[in-house]
Amino acid sequence: MKRWGWLMALMVLLAGCVAFPANGSLKRPEEAAAKQQRESKPPPKDLYVVAFGDSLTEGVGDQERKGGYVGRLVPLLSAEDGVRTVTVANFGKRGRRVSELAPVIDAHHKELERADLIWLTIGGNDVMNVVRSHFFDLSRERFAQASETFAARLDRLIRSLRTLNPDAVIVLVGLYNPFSSTLPNVPEIDDVIAEWNRASQAVLSGYPRTVFVEIQDIFAGRDDLLYRDEFHPNAAGYEQIARRVHQALRERKDWWLDRNNRLEGR
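First residue of the sequence shown? That's 9 in the numbering used here, and the numbers climb one at a time after it.
What follows is the structure, given as structure tokens:
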């Protein structure tokens, strides 16, 4: 009997060492891990975007009046897990060339300093300026010289943006070729546009947290994606651009959503 008494006392003592939750139930390990993950997950982020540049940022040619590729990107980003709101300040204006953007940066430096994302379209009017200035003596060399000047100015532009805001993800949308039917005397125009895009991409590669988005292939042989002026995208064209930019941003989501991963992304 004494032996059974000691065994009962030992069982009671061991039972007292087991901690039970207040509700009397034990959580499974996977439930506890899921709860811990929920508690450690950062709150949804309010994204602030600054878009500037030329008519593509303004949305010229969008017959649906949805704001071009910029306006179409807002619902796509808003639907991303971890995003609560997307606010855009759009300073795009028709006709701008790269040499005309420094004053825009100066005028809107406060908005650029607080931006999470900076979207930029530029270069189409620089190419058009070569066409207008040398219409009767266009050559591959003319475009090559202009491309070098453009790249140097773009480099200064990106440097200014990065100085203002070391953390924002800068997205440059590349050029496409709307000239195939209007410049039959320059059959190499596709190669010219590709060279300008390569020069722009090379500039961005020298800076952290920058993204070059290629769109030349989207518009190749697709007059149905152009507005009636045969230069700007139409609604369908802007939709294609927005989806391409969205995909590029999704591939680098940790750059613009993770608050603790600001300068590591390259």
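No residue lacks a Cβ here, since even glycine has one placed at the ideal position from N, Cα and C.
Please name the residue, chosen from the options, that lies closest to residue i on a Cα-to-Cα basis.
i, options, result
"residue 256", "241, 219, 239", "219"
"residue 112", "148, 98, 122, 137", "98"
"residue 178", "187, 185, 168", "168"
"residue 95", "125, 134, 160", "125"
"residue 165", "128, 89, 198, 146", "128"
"residue 65", "52, 171, 249, 263", "249"
"residue 93", "81, 101, 215, 117", "81"
"residue 159", "122, 237, 180", "180"
"residue 229", "245, 116, 115, 83", "245"
"residue 146", "79, 214, 200, 84", "200"
"residue 132", "121, 115, 151", "151"
"residue 85", "258, 149, 263", "258"
"residue 231", "212, 187, 137", "187"
"residue 79", "59, 89, 118, 163", "59"
"residue 175", "74, 266, 136, 67", "266"
"residue 239", "102, 57, 83", "102"
"residue 130", "115, 109, 215, 148", "109"
"residue 215", "56, 163, 263", "163"
"residue 236", "56, 68, 55", "68"
"residue 212", "170, 74, 137", "170"
"residue 196", "241, 149, 51, 88", "149"
"residue 198", "217, 135, 88", "135"
Helix, strand or coil: how does DSSP classify residue i here?
i, result
"residue 241", "strand"
"residue 51", "coil"
"residue 86", "helix"
"residue 70", "coil"
"residue 187", "coil"
"residue 208", "helix"
"residue 226", "helix"
"residue 259", "coil"
"residue 196", "coil"
"residue 29", "Its pLDDT being 48, under 50, residue 29 is placed unreliably by the model, and nothing is read from it."
"residue 18", "The pLDDT assigned to residue 18 is 45, lower than 50, so where the model puts this residue is not dependable; a value taken from the coordinates is nonetheless given after this. Note: residue 18 maps to helix in three-state DSSP."
Among the residues of its own chain, which have a CB less than 6 Å from the CB of residue i, if the five just before and after it don't count?
i, result
"residue 104", "62"
"residue 227", "184, 233"
"residue 261", "none"
"residue 243", "70, 71, 72"
"residue 30", "Because the pLDDT at residue 30 is just 48, under 50, the model does not fix this residue reliably, and the value given afterwards should be weighed accordingly. So the list is empty, once near-sequence residues are dropped."
Since residue i sits in a beta bridge, which residues does DSSP pair it with?
i, result
"residue 56", "95"
"residue 234", "241"
"residue 76", "Paired residue(s): none; residue 76 is not in a bridge."
"residue 218", "178"
"residue 61", "100, 129"
For residue i, which residues in the same chain have their Cβ closer than 7 Å to its Cβ, ignoring the five residues on either side in sequence?
i, result
"residue 155", "203, 204, 207"
"residue 182", "205, 208, 220, 221, 222, 223, 224"
"residue 161", "106, 107"
"residue 247", "80"
Should residue i be listed as close to the ligand NAD, given that the test is whether its C-beta is under 7 Å from any heavy atom?
i, result
"residue 223", "With respect to the ligand NAD, the structure offers nothing, as it holds no ligand at all."
So, for residue i: in the same chain, excluding its five sequence neighbours on each side, which residues have a beta-carbon less than 8 Å away from its beta-carbon?
i, result
"residue 172", "113, 117, 120, 121"
"residue 53", "90, 91, 92, 124, 265, 267"
Please list the segments of the beta strand (DSSP E) lying wholly inside the stretch 106–182, counting only runs of 3 or more residues, in order along the chain. 125–129, 177–181, all fully within the stretch 106–182.
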